[in-house]
Amino acid sequence: MTTDSSDSTTFRIGSKNATVTDNPRALEYRLLGQVTAALMEANRNFADKPKLIDSLLWNKNVWDHFMLDLQDEGNRLPKETKSALIGIGIWVNRETSRVMEGATDCAGLIEINQIIMEGLK
Numbered sequence: 000m001t002t003d004s005s006d007s008t009t010f011r012i013g014s015k016n017a018t019v020t021d022n023p024r025a026l027e028y029r030l031l032g033q034v035t036a037a038l039m040e041a042n043r044n045f046a047d048k049p050k051l052i053d054s055l056l057w058n059k060n061v062w063d064h065f066m067l068d069l070q071d072e073g074n075r076l077p078k079e080t081k082s083a084l085i086g087i088g089i090w091v092n093r094e095t096s097r098v099m100e101g102a103t104d105c106a107g108l109i110e111i112n113q114i115i116m117e118g119l120k
């Protein structure tokens, strides 16, 4: 969740680095779209534990990076927005653990990502 106005951003997805020339909101939208698609696929094939774990950890990694960015002094989002998004990130971490334990599926994680994506449009 960045407000940086730079034109080129390098980010890590799994073991691959990519450089994207785009605005930060579009990059975040695309990244959330990719990880959400992986979560949806894992949710459809819930018995495929390696795919499930990979998508859960990828989503957690994305949210961990969002939370770090939200805490950065250079992040110009309003304080209330940052606090709310950090709270969502904390929930994502807890929900990820619940899914890994088998207590629930990925539906909640998918839904929250889709809600955030709507806000990034």
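Numbering (numbering that gives the first Met the number 0) for the sequence shown: 0 to 120.
We put the beta carbon where it would ideally sit given N, CA and C, even for glycine.
> With 16 other CB atoms within 10 Å as the buried threshold, where does Thr35 fall?
Replying inline: For this step, residue 35 is matched to residue 36 along the sequence shown. Buried.
>> Looking at chain B, is there any beta carbon in it that lies within less than 8 Å of the beta carbon of Gly107?
In response: Here there is only one protein chain, and chain B is not present.
> Under the rule that 16 or more other beta-carbon atoms within 10 Å means buried, what is Ser82, buried or exposed?
Replying inline: Counted from its first residue, the sequence shown places residue 82 at position 83. Its Cβ having fewer than 16 others within 10 Å, Ser82 is exposed.
> In terms of residue numbering, what span does the alpha helix (DSSP H) encompassing Pro77 cover?
Replying inline: Position 78 of the sequence shown holds residue 77. For Pro77, there is no enclosing alpha helix (DSSP H), as DSSP marks it with neither H nor E.
> Are Lys50 and Thr95 closer than 8 Å when you measure CB to CB?
Replying inline: Taking the first residue of the sequence shown as 1, we reach residue 50 at position 51. Taking the first residue of the sequence shown as 1, we reach residue 95 at position 96. One thing to note: Lys50 has its Cβ no nearer than 8 Å to the Cβ of Thr95.
> Would DSSP call Asp53 helix, strand or coil?
Replying inline: Locating residue 53 in the sequence shown gives position 54, where the first residue counts as 1. Note: Asp53 maps to helix in three-state DSSP.
>> Quick check: what's the CA-CA separation for Asn22 versus Leu31?
In response: Residue mapping note: residue 22 aligns to position 23 of the sequence shown, counting from 1. Residue mapping note: residue 31 aligns to position 32 of the sequence shown, counting from 1. Those two C-alpha atoms are separated by around 14 Å.
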